[in-house]
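Undergrad: Protein sequence lines correspond, in order, to chains E and W. Counted the way my numbering counts, the first sequence spans residues 1 to 186. Counted the way my numbering counts, the second sequence spans residues 1 to 133. No residue lacks a Cβ here, since even glycine has one placed at the ideal position from N, Cα and C. Structure below; questions to follow.
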Amino acid sequence: MRTNFKAALLAAALLMASGSALAETNFWQWLVNFSRQKEVKPVDNKAYLEECGSCHFAYQPGLLPGKSWAKLLDEKALADHFGEDATLDKDVLKSIHDYAMENAAEKSWYKRSRKIALATEDDAPLRITEVRYIKRKHHDIPEKMVKGNKDVKSQAYCNACHTKAEEGIFDEDTVDIPNFPNRGHD
Amino acid sequence: MKWHKLLLALGMLAAASAALATPATDELFARYKSAGAAGFDAERGSKNWNREVQGEAGEMVSCTACHGKDLGKEGRHRKTDKVIKPMAPSVNKERYTDAKKIEKWFKRNCNDVWSRECTAQEKGDLLKFLLGQ
């Protein structure tokens, strides 16, 4: 009995050690959060949240592949970021760039990120709304609910309709299109 | 009794001065002065804040296009519609506490509205106006 217990402890310790060897993929966190892995990893970087969340909702890095972030998060590109000046100090830019690259779609275990990585294998869109998988999920939403909707305006404002977008949840049960109460749950 | 009155007066003074300056804005005012600006004027700042110029699509824009007419209330980004917290430090204590942040947004927003950077004088005037809100 005692030896059995010791053996179990040893096994657990070994498992832990191998877990930390896998630290890069955050194996333990992945195991603990298994049920939430269906969605997109929430943003957990303060600089990113603050800088990239000031003009619009802070898009999770897991919504685009690394090659897209590399194009977007470049000093010159940020000077004309969809018509806005979104330039950052060198050190801040570096930390945000690195954070996005480390958590990009193809690096993530989250299911939706895997799908986005797959859908962008042969292109590097600058917009999440141009990712084939995302486009497909929205193609039957009429214009009047998006552009013609004063509380949405653009397909890019995920959080206007996805009530839990900030938590990385885009599940259809959490959709609520403003001014169209009967849409989203069908 | 006297003690209390003194304390109260001191407290009010502290509250009033807290609204009119922060270490970050002291630093900026000093910087603008060394760049040749002087005599910062809230009145001039207010005029510039509300001055309307023609935007890209022909619409009239000013600083209020995103920050709203009432600085004690939330604004909305004119392109993305994102809510922007109130600009008045009397209701939003986080305002004007980080010199880097202030300079970053002056650069972006002056370019956005006026298609050029603001001068040290303009920034000082605007800041003086905003701090008094």
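Is the segment 172 to 184 of chain E touching the segment 148 to 156 of chain E, taking contact as three or more C-beta pairs under 8 angstroms?
TA: Verdict: yes, contact present.
Undergrad: Quick check on Val-92(E): does DSSP put it in helix, strand or coil?
TA: If you number the first sequence from 1, residue 92(E) lands on position 92. Looking at Val-92(E) - three-state DSSP - the assignment turns out to be helix.
Undergrad: Could you tell me whether any Cβ in chain C is nearer than 9 angstroms to the Cβ of Lys-153(E)?
TA: You won't find chain C in this structure, because its protein chains are E and W.
Undergrad: With distances taken between CB atoms, is the gap from Ser-95(E) to Ala-105(E) smaller than 9 angstroms?
TA: Stepping through the first sequence from its first residue, residue 95(E) is reached at position 95. Stepping through the first sequence from its first residue, residue 105(E) is reached at position 105. No, Cβ-Cβ distance for Ser-95(E) and Ala-105(E) is not below 9 angstroms.
Undergrad: Give every residue of the same chain whose Cβ lies closer than 7 angstroms to the Cβ of Glu-239(E), excluding the five residues on either side of it in the sequence, and list them in chain order.
TA: No statement about residue 239(E) is possible, as the shown extent of chain E runs from 1 to 186 and does not include it.
Undergrad: Between the C-alpha atoms of Trp-114(W) and Arg-78(W), what's the straight-line distance to the nearest angstrom?
TA: Mapped onto the second sequence, residue 114(W) falls at position 114. Mapped onto the second sequence, residue 78(W) falls at position 78. Whole-angstrom Cα-Cα distance: 15 angstroms.
Undergrad: DSSP three-state label for Ile-189(E), please.
TA: This structure cannot settle anything about residue 189(E), because the visible part of chain E is limited to 1 through 186.
Undergrad: Could you give the residue range of the alpha helix (DSSP H) that holds Asp-26(W)?
TA: For the purposes of this step, residue 26(W) is identified with residue 26 of the second sequence, where counting begins at 1. Asp-26(W) -> alpha helix (DSSP H) spans 23 to 34.
Undergrad: Got a sec: is the Cβ-Cβ distance from Gly-148(E) to anything in chain W below 9 angstroms?
TA: For the purposes of this step, residue 148(E) is identified with residue 148 of the first sequence, where counting begins at 1. So, not an interface residue.
Undergrad: How is the alpha helix (DSSP H) around Gly-39(W) delimited, first residue to last?
TA: As a first step, residue 39(W) must be located in the second sequence, where it is residue number 39. No alpha helix (DSSP H) holds Gly-39(W); DSSP gives it neither H nor E.
Undergrad: Roughly how many angstroms separate the alpha carbons of Lys-67(E) and Lys-107(E), rounded to a whole number?
TA: Within the first sequence, the letter at position 67 stands for residue 67(E). Within the first sequence, the letter at position 107 stands for residue 107(E). Going from the Cα of Lys-67(E) to the Cα of Lys-107(E) covers about 12 angstroms.
Undergrad: Skipping 5 residues on each side, what residues in its chain have a beta carbon closer than 8 angstroms to that of Val-131(E)?
TA: For the purposes of this step, residue 131(E) is identified with residue 131 of the first sequence, where counting begins at 1. These residues qualify, in order along the chain: Leu-63, Leu-64, Ile-116, Ala-119, Thr-120 and Pro-125.
Undergrad: Please go through the segment 64 to 109 of chain E and give each complete alpha helix (DSSP H) segment of 4 or more residues, from N-terminal end onward.
TA: 66 to 72, 75 to 79 and 90 to 102
Undergrad: Once DSSP output is grouped into helix, strand and coil, what is the label at Arg-211(E)?
TA: There is no way to answer for residue 211(E), as the model of chain E reaches only from 1 to 186.
Undergrad: Taking 9 angstroms as the threshold (beta carbon to beta carbon), is Tyr-157(E) in contact with chain W?
TA: Position 157 of the first sequence, counted from the start, is the residue given in the question as residue 157(E). So, interface residue.
Undergrad: Taking DSSP as the reference, what is the three-state secondary structure of Gly-75(W)?
TA: For this step, residue 75(W) is matched to residue 75 along the second sequence. In the three-state reduction of the DSSP assignment, Gly-75(W) falls in the strand class, which pools E and B.
Undergrad: To the nearest angstrom, how far is it from the Cα of Pro-142(E) to the Cα of Lys-82(W)?
TA: One-based indexing of the first sequence puts residue 142(E) at position 142. One-based indexing of the second sequence puts residue 82(W) at position 82. Looking at the two C-alpha atoms, the distance is approximately 22 angstroms.
Undergrad: Per DSSP, what kind of secondary structure is Gln-155(E) in: helix, strand or coil?
TA: Against the first sequence, residue 155(E) aligns to sequence position 155. Residue state, collapsed to three classes: coil.
Undergrad: Does at least one heavy atom of ligand 2 sit under 8 angstroms from the Cβ of Lys-123(W)?
TA: This structure does not include ligand 2; it has no bound ligands of any sort.
Undergrad: Let me know if Lys-186(W) comes out buried or exposed under the rule of 16 or more other beta-carbons within 10 Å of its beta-carbon.
TA: The requested residue 186(W) does not occur in the structure, where chain W is confined to residues 1 to 133.
Undergrad: Given Gln-155(E), which residues of its chain have a CB within under 7 angstroms of its CB, disregarding the five upstream and five downstream residues?
TA: The count along the first sequence starts at 1 and reaches residue 155(E) at position 155. The answer, listed in chain order, is Thr-129, His-138 and Val-146.
Undergrad: Measure the CB-CB distance between Ala-42(W) and Phe-129(W) and report whether it falls below 9 angstroms.
TA: For the purposes of this step, residue 42(W) is taken as the residue at position 42 of the second sequence. For the purposes of this step, residue 129(W) is taken as the residue at position 129 of the second sequence. Closer than 9 angstroms, so yes.
Undergrad: Taking just the CA atoms, how far does Ala-70(E) sit from Tyr-32(W)?
TA: Stepping through the second sequence from its first residue, residue 32(W) is reached at position 32. Stepping through the first sequence from its first residue, residue 70(E) is reached at position 70. Between Tyr-32(W) and Ala-70(E), the C-alpha separation is close to 36 angstroms.
Undergrad: Enumerate in chain order the residues of its own chain whose CB-to-CB distance from Ala-35(W) is below 6 angstroms, with the five nearest sequence positions on each side excluded.
TA: Locating residue 35(W) in the second sequence gives position 35, where the first residue counts as 1. Answer for Ala-35(W): Ala-120, listed in chain order.
Undergrad: Starting from the Cα of Asn-103(E), find the closest Cα among Glu-166(E), Gln-60(E) and Leu-73(E) and give me that residue.
TA: Here residue 103(E) is taken as the residue at index 103 of the first sequence, counted from 1. Nearest option by C-alpha distance: Gln-60(E).
Undergrad: Is there a Cβ of chain W sitting closer than 9 angstroms to that of Gly-83(E), yes or no?
TA: By one-based count along the first sequence, residue 83(E) stands at place 83. True, the Cβ-Cβ gap to chain W drops below 9 angstroms.
Undergrad: In chain W, what lies closer than 7 angstroms to Cys-55(E) by C-beta?
TA: Here residue 55(E) refers to the residue found at position 55 of the first sequence. Within 7 angstroms Cβ-Cβ: His-77, Thr-80 and Lys-82.
Undergrad: Determine the chain E residues that contact Arg-108(W) at a beta-carbon separation under 7 angstroms, and present them in chain order.
TA: Your numbering for residue 108(W) matches position 108 in the second sequence. Asp-85, listed in chain order.
Undergrad: Hey, out of Gly-132(W), Asp-125(W), Gly-58(W) and Gln-133(W), whose CA is closest to Gly-135(W)'s CA?
TA: Any answer about residue 135(W) is impossible in this case: the structure gives chain W only from 1 up to 133.
Undergrad: Taking Cβ positions, are Thr-87(E) and Ala-100(E) nearer each other than 9 angstroms?
TA: Taking the first sequence and counting its residues from 1, one reaches residue 87(E) at position 87. Taking the first sequence and counting its residues from 1, one reaches residue 100(E) at position 100. Contact flag unset, no.
Undergrad: Using 9 angstroms as the limit for Cβ to Cβ distance, is Asn-50(W) near chain E?
TA: What you label residue 50(W) is simply residue 50 of the second sequence in a count that begins at 1. No, no contact with chain E.
Undergrad: Determine the chain E residues that contact Asn-111(W) at a beta-carbon separation under 7 angstroms, and present them in chain order.
TA: Position 111 of the second sequence holds residue 111(W). Simply Asp-85.
Undergrad: Pull the bridge partners of Met-60(W) from the DSSP assignment, please.
TA: Translated into positions along the second sequence, residue 60(W) becomes position 60. According to DSSP, Met-60(W) bridges with Gln-54(W).
Undergrad: Could you compute how far the alpha carbon of Ser-20(E) sits from the alpha carbon of Ala-58(E)?
TA: Position 20 of the first sequence holds residue 20(E). Position 58 of the first sequence holds residue 58(E). Any reading at Ser-20(E) must be qualified, since the residue scores a pLDDT of 48, below 50, and its modelled position is unreliable; no value is offered.
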